[in-house]
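First to last, the protein sequences are chains A and R. Following my numbering, the numbering of the first sequence begins with 1350 at its first residue and continues without gaps. Following my numbering, the numbering of the second sequence begins with 3 at its first residue and continues without gaps. Quick reminder that beta carbons are idealized off the backbone N, C-alpha and C, glycines included. None of the values given here were measured: they were computed from a predicted structure. Data block below; observations after.
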Amino acid sequence: MRPSLLLSSLATIGGLMLTGIGASAAADTTSSEDPTARDYREYLLTVTRPNQLQVIDMTSHTLLRSCDIPGPFGSGIMVPAADGKTAYVITNIWEDIVGIDIRDCEITFHAAQSSGNETVKSFQSVAVSQDGQELYTVQNPVRLMSDHYEVLEPRLAVFEIADGIGAQPVRTFPVDRRITKIAATGTGEVILGGGDLQAIDPETGDIRVVEPLQNWQRGEEWMTPDAFAMHTQGSQANEYIMPYSTARFTDGEQDMATAEWWWGISRVNLETAESERMEIAPLTEVIMNFVTDPTDDNILYGVFNSVSKIDIATKTIVKEQPLDHTYYTVNVSRDGNTVYAGGTSSDISVHDAETLEKIASIQLPGDMSTSDMRVAVIHDAAP
Amino acid sequence: MNHKKARLRLFFRSALLLMIAGLGSLSAQARGGEEILREHCTLCHAETTTESGAAHFSRISDQRKTPEGWHMSINRMLHLRGVWLPPQEKQALVEYLANTQGLAPSEAAPFRYLLEQDTNRVETEVDPNLEQMCARCHSAARFGLQRRTEQEWQYLVNFHMGQFPTTELHAMARDREWYRLAHDEVAPELAERYGLKSEAWEEWLSQDKPLLKGSWRVIGFVPGKGEYDGRMTAVPDEDGNGFMLQMKGHYADGSPLEGEGHARVYTGYEWRGTLMLDDVEMRQVLAADPEGETLRGRMFLADSRRLGGAMNAYKDHERTEVLAIQPGYLRLGESREVTLIGQHLNGEVSLGEGVRVEEVIERSDDRIRMRISAAAKGSPGVRDVTVGEATGDNILAVYDRLARLEVEPAHALARVGGNGGQLDKMRVAFRAVGYAAGADGEVGTDDDLRLGYMPADWSIIPADETAAHEQDADYAGTIDAHGIFTPGDAGPNPERPKSANNVGRLKAVATVDDGTDQVSGESRLLVAVQDYVQRVLD
Chain A
1350 MRPSLLLSSL
1360 ATIGGLMLTG
1370 IGASAAADTT
1380 SSEDPTARDY
1390 REYLLTVTRP
1400 NQLQVIDMTS
1410 HTLLRSCDIP
1420 GPFGSGIMVP
1430 AADGKTAYVI
1440 TNIWEDIVGI
1450 DIRDCEITFH
1460 AAQSSGNETV
1470 KSFQSVAVSQ
1480 DGQELYTVQN
1490 PVRLMSDHYE
1500 VLEPRLAVFE
1510 IADGIGAQPV
1520 RTFPVDRRIT
1530 KIAATGTGEV
1540 ILGGGDLQAI
1550 DPETGDIRVV
1560 EPLQNWQRGE
1570 EWMTPDAFAM
1580 HTQGSQANEY
1590 IMPYSTARFT
1600 DGEQDMATAE
1610 WWWGISRVNL
1620 ETAESERMEI
1630 APLTEVIMNF
1640 VTDPTDDNIL
1650 YGVFNSVSKI
1660 DIATKTIVKE
1670 QPLDHTYYTV
1680 NVSRDGNTVY
1690 AGGTSSDISV
1700 HDAETLEKIA
1710 SIQLPGDMST
1720 SDMRVAVIHD
1730 AAP
Chain R
3 MNHKKARLRL
13 FFRSALLLMI
23 AGLGSLSAQA
33 RGGEEILREH
43 CTLCHAETTT
53 ESGAAHFSRI
63 SDQRKTPEGW
73 HMSINRMLHL
83 RGVWLPPQEK
93 QALVEYLANT
103 QGLAPSEAAP
113 FRYLLEQDTN
123 RVETEVDPNL
133 EQMCARCHSA
143 ARFGLQRRTE
153 QEWQYLVNFH
163 MGQFPTTELH
173 AMARDREWYR
183 LAHDEVAPEL
193 AERYGLKSEA
203 WEEWLSQDKP
213 LLKGSWRVIG
223 FVPGKGEYDG
233 RMTAVPDEDG
243 NGFMLQMKGH
253 YADGSPLEGE
263 GHARVYTGYE
273 WRGTLMLDDV
283 EMRQVLAADP
293 EGETLRGRMF
303 LADSRRLGGA
313 MNAYKDHERT
323 EVLAIQPGYL
333 RLGESREVTL
343 IGQHLNGEVS
353 LGEGVRVEEV
363 IERSDDRIRM
373 RISAAAKGSP
383 GVRDVTVGEA
393 TGDNILAVYD
403 RLARLEVEPA
413 HALARVGGNG
423 GQLDKMRVAF
433 RAVGYAAGAD
443 GEVGTDDDLR
453 LGYMPADWSI
463 IPADETAAHE
473 QDADYAGTID
483 AHGIFTPGDA
493 GPNPERPKSA
503 NNVGRLKAVA
513 TVDDGTDQVS
523 GESRLLVAVQ
533 DYVQRVLD
């Protein structure tokens, strides 16, 4: 698959400037540290409509290339492999998963999950094992019979990435309904974000509860949380975040009007699979997504109509910067210096992490709508 | 030009009806409907025979719904399941299914507002469970207008999972075992509440259906034009289940009203009319009472269905009937011109205690234009009005002081549109209803005296401080002298913070002069973005 013609000129300019991924000498506007001295390069990845993977150099804030994704737009959800070279994207209205080499747009993997009268959708769920061998997704199948639908049990499907184009699951295990975001841990489990936070062993199918949410036992004082993970942005801190909102009833009655409203997160360390759950800030405004500062796990950034900085220790929003428009998703550079607000429209808003001042804007050729905005980190210089 | 167009349309419709003549009698129509089902549907919907020997088509035979409901189901088959039906067979099938598997009048009665497209309202008393499961996306009327077996309700849950797979991920779904609850608990509850079989339906099926041909005295309201009265004649067309319509009358300001069109009757009482009224295409959604004495419902603009007003029609039986006075209120000590509306208005006019006719300006069989006055020291209250032997109960309100004004609808939704986009602006028509304090002299109590709709001065204001700060009232739209709110242009507006669309939270304010006092009332108005899913029933 070639880069799109539409963007070939942009990509060429990017290519000339940077002489290929991993060899840029462009100035770093966000850090006093010399980026050329680093042993890694960071690339911001997102999907735009109609259906293209956009590869952005995070040092120069330049669009490097646009890779056509087969099929109609999915939800723009993706996961980069641990080596940063391949992005696995949910496409074809959530039915297919394709692997795209971000260096040359080559399609290296394609799992078409629906067949015959069985339609299989993956809701935001795609993860790759940390050794890069296996790909995981939660399949939600329905079967269209002659005059009605039959609803089948969801299942974790395990694919061998080496199976490439036409890959079929090598193992499947039953899982709960309503699972969205998933992530692979260094301990060999897959975190399942649904009503509760669970972990499944993809060898045996054994499931354990990581953090109860829908089934938390906090008594009458706390409302059952509305937990929902739409986007995946914990990779820079090697963690998984499930945000939730809840209410603490203050007067013995379950009165919404007098309740205190809170944002909270369940957070899983993806190296150790250890987890924590906590309220992080009062729910005074909508925040669509959170990401942890990779250099300080007490600091979270959130976006929606503003980019916010949250201090977990004091449970307060310590800084806030209004945005030009609504942005759904957020990510951060590995050095913790730069925050990116993306999703929704066709531009990524780039902010200094300390001041939250806007320092750059990256214009893309299409709208991101619900897409992920993830960071691929490549450690070797070879394109 | 529109009359010519309407006549042409009627000509083609007549030609079409001739082509499908033979569906005339109910039994022929029944055979026709069954044959269409057999020919176009049995590839997927298996036909079996019930114990009583009737044909049973899987899924189809286990549901009952309104003509609009069947229309939507057939549309779904056409658009999503690859069915093709000639338009006249689609029409015949809707008619057959609505006639044989429809809703009894009493079953549709609580939810007529949805059929009438009168959807600027907040539904109340919805079962909390059903509200969270179904009415968080649909109106409660949408499922309240369906009857299904338990398995059918369960199939409907499964349909949602197949067709709209993220249903279980929505707010108020993702925090619970949505599919299990919907399938195992809510579907049985729906079957209990809205099951396939009902006495009301069996009774309605066996009952003689009202005869609706003839001359009807009509009263109603058209936004921007005002209240009207007139006559509608319904002449049966060739298929025996439809009528050629003619409507003629006056708006309250004296301007003429004229139109013609066609109506069909489904399920024996569901009247659906389409007509060109003056220059505008209108739809009528009316329900006949079981005796065929009245048709009640709403007439609205075909291309803007939220703009409409109540329409009531009264069968002409060649006897005197007193129906309304426009306007239906009179202040103590006041003298004003009114129009008494009825039919065959023969005999002396009596307006009740303390009210007298000063002068008859114009009198015909159907209306009496007159100047009336109320004694300054009379007592407030409603009056019966009689003409000869006939009485209109409580149709004239005599009041001392306008105490409060209500704006209808109390909660309204408009949507931005136009500006080169795919969808037109979705407007709202407001009306102001006056009340006097009633016998207890206290405003806002149950005995407040409803005076009726009043002409008012209209304005919009921001709903609250936040809306004021966002300058919603400057961007979200404008309201005209008739109380019709037109929202702003669609699309991001670079002038607004965050390039917001011209959305807003407003109040529509009506003000009426009552002697030396000014009385105001207000309604909540939300101006939202476009809704790209256009449903027959929301």
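Put simply, of R:T169, R:E154 and R:Q119 the residue whose alpha carbon is nearest the alpha carbon of R:A137 is R:T169. Chain-ordered listing is empty here: chain R has no CB closer than 9 Å to the CB of A:D1453, the nearest sitting near 34 Å.
Within the same chain, and ignoring the five residues on either side of R:V409 in sequence, the residues whose Cβ sits closer than 7 Å to its Cβ are F432, A434, A510, A512, G523, E524 and S525. Under the Cβ distance rule, A:H1580 does not count among the residues neighbouring chain R, no pair being separated by less than 8 Å.
The C-alpha of R:E118 is placed about 38 Å away from the C-alpha of A:Y1677.
Beta-carbon to beta-carbon, A:S1695 and A:G1425 are separated by about 13 Å, too far to satisfy the 8 Å threshold. With contacts defined as CB atoms closer than 8 Å, R:R369 and R:D231 qualify as a contacting pair.
For the pair R:A265 and R:A236, the CB atoms are nearer than the 8 Å cut-off. In the three-state reduction of the DSSP assignment, R:K500 falls in the helix class, which pools H, G and I. Contact annotation for A:N1654 against chain R: K500 [CB-CB distance below 7 Å, chain order].
Not a single CB atom of chain R sits nearer than 8 Å to the CB of A:K1530. Assignment of beta-bridge partners to A:Q1585 by DSSP yields no partner.
Taking the Cα of R:G299 as reference, the smallest distance to any Cα among R:L277, R:R308, R:W273 and R:V282 is reached at R:W273. Cβ contact annotation for R:H172 (same chain, cutoff 6 Å, sequence separation greater than five): none.
Around the Cβ of R:Y196, a 10 Å sphere holds 16 or more other Cβ atoms; the residue is buried. Along the length of the segment 465 to 524 of chain R, whole alpha helix (DSSP H) runs at least 4 residues long occupy 467 to 471 and 474 to 477, reported in chain order. Around the C-beta of R:S337, fewer than 16 other C-beta atoms lie within 10 Å, and the residue is accordingly described as exposed.
Interface criterion met: the Cβ of R:R176 is under 8 Å from a Cβ in chain A. Residues of chain R with a Cβ closer than 9 Å to the Cβ of A:S1695 do not exist, since the nearest Cβ in that chain sits about 12 Å away. Within the model, the alpha-carbon separation for A:I1514 versus R:Q148 is close to 47 Å.
The beta carbon of R:M174 sits closer than 8 Å to those of Q134 and R138, all from its chain and outside the five residues before and after it, given in chain order. Contact of A:H1674 with chain R by beta-carbon distance below 7 Å involves K500 and S501.
Residues of chain A whose Cβ lies closer than 9 Å to the Cβ of R:N160 are, in chain order, V1491, H1497, Y1498, E1499 and V1500. Assigned with DSSP and collapsed to three states, R:V387 falls in strand. In this structure A:V1681 is in contact with A:V1640, their Cβ atoms being roughly 5 Å apart against a cut-off of 8 Å. Annotated three-state conformation of R:M79 is helix, per DSSP. Of the other Cβ atoms in all chains shown, 16 or more fall within 10 Å of the Cβ of A:T1529; this residue is therefore buried. The segment 94 to 110 of chain R makes contact with the segment 36 to 49 of chain R, as at least three CB pairs between them are under 8 Å. Within the segment 1563 to 1595 of chain A, the residues whose Cβ lies closer than 8 Å to any Cβ of chain R are, in chain order, Q1563, T1573, P1574, D1575, A1576 and F1577. Taking A:N1441 as reference, the option from A:G1433, A:Q1473 and A:I1451 with the minimal CA-CA separation is A:Q1473. Contact of A:F1472 with chain R by beta-carbon distance below 7 Å involves T168 and L171. Distances from the alpha-carbon of R:M301 to those of R:L342, R:G294 and R:L288 put R:L288 closest. Put simply, of R:A399, R:V535 and R:N503 the residue whose alpha carbon is nearest the alpha carbon of R:V529 is R:N503. Contact between A:L1546 and A:S1615 holds, with the beta-carbon distance rounding to 5 Å and staying under 8 Å.
A contact between stretches requires three or more CB pairs, one per stretch, nearer than 8 Å, and the segment 404 to 424 of chain R fails this requirement with the segment 383 to 392 of chain R.
If you draw a straight line from the Cα of R:G440 to the Cα of R:S381, it is about 11 Å long.
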